[in-house]
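In the working numbering, the protein residues as written are 20 to 279.
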């Protein structure tokens with residue numbers, strides 16, 4: 020993934036590093052950030068062989084401000100889109116709540132965790148489960164209020180529909196609202212939101228094929244990376260940077276695994 024990261028890095032100001040210590044290697048800094056994402060360890064617990072914690076953190080802040088991690092996710096989607104590897108037949112939306120013990124921006128009381136601080140991650144995927152839209156809010160923010168924000172966060176859009184075909188949009192009963200159905204219809208989707216009580220009946224239907232599981236699997240993929248399993252960032256921009264890095268990781272791993 021480093022080959023995709025390197026062209027996105029901001030230019031180093033001229034004269035920087037000519038006095039004092041040489042500037043730390045960007046590649047080493049990126050691997051240290053990836054280590055933080057995977058292990059969820061504190062910055063100060065970073066192994067010294069990966070670089071000084073303060074240097075890695077400063078570089079992370081620099082790249083976050085420059086939008087490097089979001090651009091990395093975007094570039095992966097753009098490449099897959101250009102090669103026809105994104106499956107736009109269906110899209111799935113779901114939200115997941117995680118702990119945020121330190122509080123901070125976009126953190127709210129989690130109604131499923133005795134009102135403790137939590138964050139809600141809203142993720143939209145295409146039919147294979149690749150993340151194509153994300154939003155972050157407090158745990159007490161209802162899912163229906165973020166549908167527009169998630170749709171607006173997509174770096175790439177579906178190709179124009181051919182004939183009468185329209186992509187399907189799946190979501191659970193938490194999104195069962197007439198305003199959401201109208202919004203999705205304006206975006207050109209065939210809406211598949213099972214109302215309250217309908218989902219259990221559908222599951223008993225022979226040959227019924229569930230589709231929403233792919234986004235739930237994507238949330239499970241994210242939770243393999245401990246920096247997303249528990250949010251330790253007080254700044255929402257920093258948490259989003261790790262989320263975008265994991266989205267990019269999912270995209271690039273999928274690209275290498277299935278297409279070499």
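The beta-carbon is built from N, C-alpha and C at its ideal position, and this holds for glycine as well.
- For the region 37 to 109, the continuous alpha helix (DSSP H) assignments of 4+ residues that do not extend past its boundaries occur at 45 to 58, 72 to 84, 87 to 101, in sequence order.
- Within 10 angstroms of the beta-carbon of residue 131 lie fewer than 16 other beta-carbons, which makes it exposed.
- For residue 145, the enclosing beta strand (DSSP E) starts and ends at 136 to 145.
- Take the alpha-carbon of residue 205 and the one of residue 196: they are about 15 Å apart.
- Spatial neighbours of residue 59 in its own chain (CB-CB distance under 7 Å, excluding positions within 5 residues in sequence) are listed in chain order as 245, 246, 248, 249.
- By the criterion of a C-beta distance shorter than 8 Å, residue 198 is surrounded in its chain by 163, once the five residues flanking it on both sides are discounted.
- Only residues of its own chain outside the window of five on either side were considered, and among them 140, 153, 155, 241, 247 have a CB closer than 8 Å to the CB of residue 262, listed in chain order.
- Taking the CA atoms as reference points, residue 123 sits about 30 Å from residue 96.
- Between residue 146 and residue 191, the CB-CB gap reaches or exceeds 8 Å.
- At the C-beta level, residue 256 and residue 92 stay beyond 8 Å of one another.
- When secondary structure is reduced to three states using DSSP, residue 112 falls in the strand class.
- Distance from the CA atom of residue 272 to the CA atom of residue 236, rounded to whole angstroms, is 15 Å.
- For residue 207, the secondary structure class from DSSP, reduced to helix, strand or coil, is coil.
- Of 214, 178, 234, 137, the smallest CA-CA separation from residue 101 is found for 178.
- Three or more beta-carbon pairs separated by less than 8 Å are not found between the region 56 to 74 and the region 105 to 119, which leaves the two stretches without contact.
- Counting along the chain, the unbroken beta strand (DSSP E) around residue 153 starts and ends at 150 to 157.
- DSSP places residue 118 in the strand class (E or B) of the three-state scheme.
- Sorting 24, 238, 253 by C-alpha distance to the C-alpha of residue 150 places 238 at the top.
- Residue 22 and residue 142 have their C-alpha atoms spaced approximately 26 Å apart.
- Taking C-beta atoms under 8 Å as the contact rule, residue 202 and residue 167 qualify, at a distance of about 6 Å.
- Taking residue 47 as reference, the option from 137, 25, 61, 133 with the minimal CA-CA separation is 25.
- Collapsing the DSSP output to three states places residue 190 in a strand.
- Taking 8 Å as the cut-off, the Cβ atoms of residue 69 and residue 264 do not count as close.
- Residue 128 sits in a strand when the DSSP states are folded into three classes.
- Across the set 90, 180, 20, 138, the C-alpha of 138 shows the shortest separation from the C-alpha of residue 126.
- Remark: C-beta atoms of residue 161 and residue 189 do not approach each other more closely than 8 Å.
- Inclusion of residue 208 and residue 187 in the CB contact set at 8 Å is warranted, their separation being smaller than that value.
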